[in-house]
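Counting from 222, one number per residue, gives the positions in the sequence shown under our numbering.
This report refers to the structure that appears directly beneath it.
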Amino acid sequence: MTKVAAVDWLSQAFLSDPYSHYKALRESDPVHWDETRGSWLLTRYDQVAAALRDDDNLSAEQGPAFSMLVTDPPDHTRLRSLVSKAFTARTVQQLGGRIHQIVDELLDAVAPRGEMEVIADLAYPLPITVIAELIGVEPERRDFFRRASQKIAVALGPITDPSVAMSAFEGRTELLQYFDELIAKRRADPREDLISALLAAEERGDFLSHQELLGMLLLLLVGGHETTVNLIANGLLALLRNRDQLELLGTEDGIEKRAVEELLRYDSPVQYSGRIVRNDFEMGGETIRAGDGVRIIVGSANRDPAIFAEPDTLDLQRDPCPHLAFGSGIHFCLGAQLARLEGQIAISAAVRRFPALRLASADLRWRPAPVLRGLEALPVTL
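Written out as structure tokens, the structure is:
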């Protein structure tokens, strides 16, 4: 097979359209060694799906950590079981009324202006409010959380600027210091929130170290809103660029669930997942060695024509739509049901409330974090 040349993952050319590069890799070099990053890139659906479930040969652990995202069993199983009750389908559905209320308030606020910056006015405040209320964060600290979590999110991709790494360290430190204070408050005065529930589990004998609790809260905060911000903003951008599909969502009842699944496939908020190889194994004619890094590129798998007919076409009526946007296997996104519900309510409400919605600028810039695919801003007219 023909080897595909390396690209600059932080360039606006790549960030604005990673899918043409993924296509070249799928067709000519599906198991690709990226010299610049020192890792394998897996791009075909069957290989990506297999790798996401291959816990024998691939490890999520990448250095000392206390988060489920980068932990293998048995610790992963223990940590996930402690928090999973907060994200069951039944529990999430009970949040629907509150999510509708928040969305209505946000759209009411922008209606008189005749314009909206989707991220600042809708896509960010909705999930940060929901996850902050679940965790038990005070409303006045939510802007602080946005700034701190964005510092961390930028550093999840390739880092070439030392100041980015320093900024991420500062953001993480600020959040952990705040969580330390909040945990102490909840120990003294429990509330009806997730921190209090986790502390109660600890008192019942379910082992959860202080560092693990901090790591879990950090993951829930960053993962619980950063990905949903991008789902809502990327989804609305895709609809604005495909007017027929926007009009379909605006007029056809009951299509919200299927629409969000297609939007997740079409422009996945999380583009890849990282692993470290435990044991040598073969894939796609290549020998992948123990200790190598692997990037499992779900954004490419979700555009694979072997699975999805006309994969570069947005089709809200696509059925089935077996995308991998939330991963697969033991690391399947714990908050998937919540993200789906927030996306369904926010995107459909915006389109139906403002049927004349239009892009206010063609000059859009993508945040320099290729693992989390998101815009800097999305200005629209109503």
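Each residue gets a CB set at the ideal place from its N, CA and C atoms; glycine is no exception.
Given the structure is predicted, the values throughout are model-derived calculations rather than measurements.
DSSP three-state label for F400, please. helix
Since F502 is in the beta strand (DSSP E), which residue starts that stretch and which ends it? F502 to M504
Determine the contact status of L461 and L470, defining contact as a CB-CB distance below 8 Å. no
Figure out for me which residue from P543, T472, L434 and H446 has the closest Cα to the Cα of L485. From the listed residues P543, T472, L434 and H446, the smallest Cα separation to L485 is found for P543.
Proximity winner among P591, D325 and I517, relative to P490 (alpha-carbon distances): P591
Looking at the unbroken beta strand (DSSP E) that takes in H253, where does it start and where does it end? Where H253 is concerned, the enclosing beta strand (DSSP E) stretches over V252 to D255.
For the segment 595-603 and the segment 448-459, state whether three or more C-beta atom pairs, one from each stretch, are separated by less than 8 Å. Result yes; three or more Cβ-Cβ pairs closer than 8 Å.
Per DSSP, what kind of secondary structure is L460 in: helix, strand or coil? helix
Neighbour-count burial assignment, H446, 16 or more Cβ in a 10 Å radius: buried
DSSP on G550, reduced to helix/strand/coil? helix
How far does the beta strand (DSSP E) with S494 in it reach, from first residue to last? S494 to V498
The beta strand (DSSP E) spanning P600 covers which residue range? P600 to T602
Using a Cβ-Cβ cut-off of 8 Å (strictly less than) and excluding sequence neighbours within five positions of A310, which residues of its own chain qualify? Q558
DSSP-derived helix/strand/coil call for L585: coil
Whole-angstrom distance between L355 and A405, CA atom to CA atom: 17 Å
Output the residue ranges of the alpha helix (DSSP H) runs that lie fully inside the segment 425-490 and measure 4 residues or longer, sorted by chain position. For the segment 425-490, whole alpha helix (DSSP H) runs of length 4 or above, ordered along the chain, are 431-461, 464-472 and 477-487.
Based on the DSSP output, what are the partners of S260 in its beta bridges? BP columns for S260 point to D255 and G514.
Is it the case that the Cβ atoms of R496 and I517 are separated by a distance below 8 Å? yes
Could you say which of E477, A234 and L403 lies nearest to D536 if we only look at CA atoms? It is E477 whose Cα lies nearest to the Cα of D536.
For F287, is the classification buried or exposed, using 16 other Cβ atoms within 10 angstroms of its Cβ as the cut-off for buried? At F287 the pLDDT is 44, less than 50, meaning the model places this residue with poor confidence and gives no usable figure here.
Using the three-state DSSP reduction, which class does I528 fall into: helix, strand or coil? coil
From I509 to A330, what does the alpha carbon distance come to, in whole angstroms? 53 Å
Near S280, which residues of its chain fall below 8 Å by C-beta distance, leaving aside the five closest residues on each side in sequence? D293, R496, I497, V498 and R499
On a CA-only basis, which of G357, D513, Y493 and G475 is nearest L438? Give me that one, please. That would be G357, whose Cα lies nearest to the Cα of L438.
Tell me which residue opens and which closes the alpha helix (DSSP H) that I509 is part of. Careful: I509 lies outside any alpha helix (DSSP H), inside the beta strand (DSSP E) at E507 to I509.
Spatial neighbours of A583 within its chain, please: C-beta separation below 7 Å, excluding the five flanking residues on both sides. none
Spell out the partners DSSP gives R336 in its beta bridges. Note that residue 336 corresponds to Glu in the displayed sequence, not to Arg. T602.
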